[in-house]
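S.K.:
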Amino acid sequence: MPEYLVRLVQVHESFRKAELEALAELAGIEMEFISYSEDSPFCIISLPSSDAAARLITRSILSQGIYELWGHGPTYAALHTSLRGLSPEKWSPHRTSSFRFTLDSFQGSLSPAAQRAIIESFSYLPLDGPIRMKSPTLDLCVFEAYELHAASPRSVYLGALVAGSGRAAKTTFDLKKRHYISTTSMDAELALVTANLALAAPGRLFYDPFMGTGGFPVAAAHFGAVGLGSDIDGRSIRGKGGRDVRGNFRQYGLEGLYLDGFISDLTNSPVRGCMGENGGERERGAWLDGIVCDPPYGVREGLKVLGLKEGRGEGRKDLTPNIREPGYIPPKRPYSFTALLDDILHFASLTLVENGRLAMWMPTANDEDIELAIPTHPCLKVVSVCVQPFNKWSRRLLTYRRLPDSEVDRSQLIPKREHGAGIHADELNDFRRK
Amino acid sequence: MKILTLNFLTCARKACKATNAAFPLHPRDAELEIVETDLNPLFIRNILPRIEWDALREICVELGLPTLPDAAPEPAALFAEPIVPADTMQDADEGAEKQPTQLLQDLHRLLLETTIATGKLVCGNCGHEYAVKEGIANFLLPSHLV
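Line by line, the protein sequences give chains A and B. For the first sequence, this note's numbering gives the first residue as 174, with consecutive numbering after it. For the second sequence, this note's numbering gives the first residue as 1040, with consecutive numbering after it.
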């Protein structure tokens, strides 16, 4: 299979490979990594065709484009040797087309004169067409990767542009320009990557049980999926002063892809078939293609579910008639984060269709003994774990795939774990103790 | 709240979820509104097999909407050229290019354009009423029902 160079971006390194793999699965393309390193923005993969390469990269957020690999080597001499060995079929269609050369150096830079000398060194290529710096037919790029502070590159590549990526969406969906956000809105770039990892696509239905201002459903809708969301706090869905979740969809021209938002609590969810009454089995058919969420960790956003705090409210039972009043607000109590993660997995196992995906964020401390294990469920297989490090903590994006019922190990289906009883948020949340 | 969403929701009480009477929720004093949106044939085709058809029929009768057929239509009936094979995502792409039938447009109008603007949703088992305001339903339960 021909080889291609993916020009990745050098941010969120651990998400890049997972994104490419998800996009290959989504497009049904056979892809193999030839060389990949977390320290390099140049990744070599093999793909069946240039057409497949263009389909693969069009939605990618963490890359800039994909190039047909014409030659590579540790030095320019080696690059020229490998380029001379290239079959003439590669450039024969381009003999008379317009072209340009550009130079892309990673961790190094060259003076304009040195750049020119490098480009001139390719003059033996049989390209007779005009040079055009704006939208040429053949867009060639020389890639150089340097070690830090090194004088000469450790490897060089020559590639012909096949297609650009979908990274422009990062700017379109930038939170700074979004009309309606909150303190815990997910960064647009990562929300889009999350939607990619969960395989959001036209015709599919995506749900976010902690939607807040709707960042994830909007990101899923960008890729054509229909978004549904809920939140325990109705104020975030309703918004204020004409700014609401629906308005966010409208801002991006995606209003047709917003199904609904409703107010609910995951531990007492009205969603059909999410409780597994019959010992964890699905009773009605599953109906979600994907679940994307960033649950409240109990740090910036308090973690509450419905119910009374233990030891409170005993004397207030006679207030129940108040629930008929329009302004009634049900009481809430703190909840354990690990219990919530288990609840999400249980919910996903019952509502996701076969091979549907759950993409969920969870925090973890970097240094200490309080390592939060990746939660598991017999019906869900971990597809990827991506880490976004911060200073003293980091958060992980966990992606799971709902196994078909035939592949689920029935003996592993155990009743729900009991979680440590505690009354106050600090007792319930290991992570918060940091 | 759209009629499609209603088909995915039951009473939020754990005690009710195990009973058949809790699904579907019954709209009461519902004020309906038509909010026009773009036709999404691929979505309707994929979501059709996941709809509880009997519940949808029941809701249509309760809301005084046109009566639906007894059984859910086949996905093939959504497009003018009925050559869409069984449910795989790849085949669905082809389906999107075919001409939508009147049936598909009717389903679109019912599921995605008919919305409950205000009103109540009542559980058939416990009788608890969930309020719908500005198109947003509130499923939070008071503490004695949790």
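Glycine is no exception: its CB is placed at the ideal position from the N, C-alpha and C atoms. Since the structure is predicted, the reported quantities are computational estimates derived from the model, not experimental observations.
I need the straight-line Cα distance from leucine 427 of chain A to threonine 357 of chain A, nearest angstrom please.
M.R.: Cα-Cα distance, rounded: 22 Å.
S.K.: Would leucine 331 of chain A and leucine 439 of chain A qualify as a contact pair, given that the criterion is a beta-carbon distance under 8 Å?
M.R.: The answer is no: Cβ separation not under 8 Å.
S.K.: With 8 Å set as the bound, which would you pick, yes or no: does the beta-carbon of glutamate 1173 of chain B sit closer than that to a beta-carbon of chain A?
M.R.: Glutamate 1173 of chain B counts as touching chain A.
S.K.: Kindly indicate which three-state DSSP category valine 366 of chain A falls into: helix, strand or coil?
M.R.: Helix, per DSSP.
S.K.: Between the Cα of histidine 267 of chain A and the Cα atoms of A:Leu321, A:Leu311, A:Asp467, A:Pro247, which residue gives the shortest distance?
M.R.: With distances taken between Cα atoms, histidine 267 of chain A lies closest to A:Leu311.
S.K.: Tell me the DSSP secondary structure of phenylalanine 379 of chain A in three-state form.
M.R.: The answer is strand: DSSP assigns phenylalanine 379 of chain A an E or B state.
S.K.: Any idea what DSSP makes of tryptophan 264 of chain A, helix, strand or coil?
M.R.: Reduced to three states, the DSSP call for tryptophan 264 of chain A is coil.
S.K.: Evaluate aspartate 516 of chain A with the Cβ neighbour count: other Cβ atoms within 10 Å of its Cβ, from every protein chain shown; 16 or more gives buried, anything less gives exposed.
M.R.: Buried, because 16 or more other Cβ atoms sit within 10 Å of the Cβ of aspartate 516 of chain A.
S.K.: For proline 468 of chain A, count the other beta carbons within 10 Å of its own beta carbon; 16 or more makes it buried, fewer makes it exposed. Which is it?
M.R.: Classification for proline 468 of chain A: buried.
S.K.: Contact criterion: CB-CB distance below 8 Å. Does proline 503 of chain A meet it with respect to chain B?
M.R.: For proline 503 of chain A, the answer is yes, since a Cβ of chain B falls inside 8 Å of its Cβ.
S.K.: Is the shortest distance between the beta-carbon of arginine 1084 of chain B and the beta-carbons of chain A less than 8 Å?
M.R.: Yes, its Cβ sits closer than 8 Å to a Cβ of chain A.
S.K.: Go ahead and label proline 1063 of chain B buried or exposed: buried means 16 or more other beta carbons lie within 10 angstroms of its beta carbon, across all protein chains shown.
M.R.: Buried: at least 16 other Cβ atoms inside 10 Å.
S.K.: Taking only runs that begin and end inside the stretch 262-337 of chain A, name each unbroken beta strand (DSSP E) of 3 or more residues, in chain order.
M.R.: With a minimum length of 3 residues, the continuous beta strand (DSSP E) runs that stay inside the stretch 262-337 of chain A are 272-279, 311-318, 328-337.
S.K.: Would DSSP call cysteine 1165 of chain B helix, strand or coil?
M.R.: Correct three-state label for cysteine 1165 of chain B: coil.
S.K.: Taking only beta-carbon atoms, is isoleucine 410 of chain A less than 8 Å away from chain B?
M.R.: Isoleucine 410 of chain A counts as touching chain B.
S.K.: If you reduce the DSSP assignment to three classes, tell me which class glutamate 1172 of chain B lands in.
M.R.: The residue you asked about is not glutamate; residue 1172 of chain B is lysine in the sequence shown. Strand, per DSSP.
S.K.: Could you tell me the boundaries of the alpha helix (DSSP H) in which valine 391 of chain A lies?
M.R.: Taken as a continuous stretch (DSSP letters only), the alpha helix (DSSP H) holding valine 391 of chain A covers 388-395.
S.K.: Going straight from the alpha carbon of alanine 336 of chain A to that of isoleucine 217 of chain A, what length do you get?
M.R.: Looking at the two C-alpha atoms, the distance is approximately 15 Å.
S.K.: Which stretch, first to last residue, makes up the alpha helix (DSSP H) that contains glutamate 1101 of chain B?
M.R.: Residues 1092-1101.
S.K.: Would you mind giving the Cβ-Cβ distance between leucine 1160 of chain B and alanine 1051 of chain B, rounded to the nearest angstrom? I have them listed as a contact below 8 Å.
M.R.: Going by Cβ atoms, the distance from leucine 1160 of chain B to alanine 1051 of chain B rounds to 10 Å, so no, they are not a contact pair.
S.K.: For alanine 394 of chain A, which residues from the same chain have a beta carbon less than 6 Å from its beta carbon, with the 5 sequence-adjacent residues on both sides left out?
M.R.: Same-chain partners within the cutoff: Gly400, Leu427, Leu430.
S.K.: In or out: alanine 521 of chain A buried (at least 16 other Cβ within 10 Å) or exposed?
M.R.: By the 10 Å Cβ count, alanine 521 of chain A comes out buried.
S.K.: Hey, is aspartate 381 of chain A's beta-carbon within less than 8 Å of any beta-carbon in chain B?
M.R.: Not an interface residue.
S.K.: Please confirm whether leucine 365 of chain A and glycine 238 of chain A have their CB atoms less than 8 Å apart.
M.R.: No, they are not a contact pair.
S.K.: Less than 8 Å between the C-beta atoms of alanine 226 of chain A and leucine 220 of chain A, yes or no?
M.R.: Their beta carbons are under 8 Å apart, which means alanine 226 of chain A touches leucine 220 of chain A by this criterion.
S.K.: Would you say lysine 1041 of chain B reaches chain A, if we count a Cβ-Cβ gap shorter than 8 Å as a contact?
M.R.: Yes, lysine 1041 of chain B counts as interfacial toward chain A.
S.K.: Alpha carbon to alpha carbon, how far is glutamine 1144 of chain B from lysine 350 of chain A? Give it in angstroms, no decimals.
M.R.: Going by the C-alpha atoms only, they are around 35 Å apart.
S.K.: Counting only runs of 4+ residues fully inside the stretch 179-241 of chain A, write out the alpha helix (DSSP H) ranges in chain order.
M.R.: Whole alpha helix (DSSP H) segments, 4+ residues: 186-200, 223-230.
S.K.: I need the boundaries of the beta strand (DSSP E) containing alanine 409 of chain A, first residue and last residue.
M.R.: According to the sequence provided, residue 409 of chain A is serine. The question's alanine does not apply to it. Unbroken run through serine 409 of chain A is the alpha helix (DSSP H), 407-411; no beta strand (DSSP E).
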